[in-house]
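Worksheet: one structure, shown below.
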Amino acid sequence: MRRAERARLALVHGKGYCWDVERAEKEGGLGSEASLPPLVLETHENPREAALAAARRRV
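Residues in the sequence shown are numbered from 877 upward in steps of one, following our numbering.
Here you go:
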């Protein structure tokens, strides 16, 4: 997992979750994911509206 993806995890789920992911990667040695392309991060004109829409989808 790339640094930008870890930073996004920390923003969305918290630093504790990001730390768990880093630890799992170190312990598991997930070399197969190294060849995968990075996740596409969407940018929105109105981040507040995007967050509200995402919250509505989760419920």
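Yeah, the Cβ is synthetic: ideal placement off N, Cα and C, and Gly gets one too.
Distance, residue j Cα to residue i Cα
| i | j | result |
| --- | --- | --- |
| A886 | Y893 | 7 Å |
| L928 | E881 | 22 Å |
| W924 | R878 | The sequence shown places Arg at residue 924, not Trp. Going by the C-alpha atoms only, they are around 26 Å apart. |
Helix, strand or coil at residue i according to DSSP, with G and I counted as helix
| i | result |
| --- | --- |
| E918 | coil |
| L913 | According to the sequence shown, residue 913 is Pro rather than Leu. Coil, per DSSP. |
Start and end residues, alpha helix (DSSP H) containing residue i
| i | result |
| --- | --- |
| R882 | 879-889 |
Beta-carbon spacing of residue i, residue j below 9 Å
| i | j | result |
| --- | --- | --- |
| A926 | E918 | yes |
| L912 | R884 | no |
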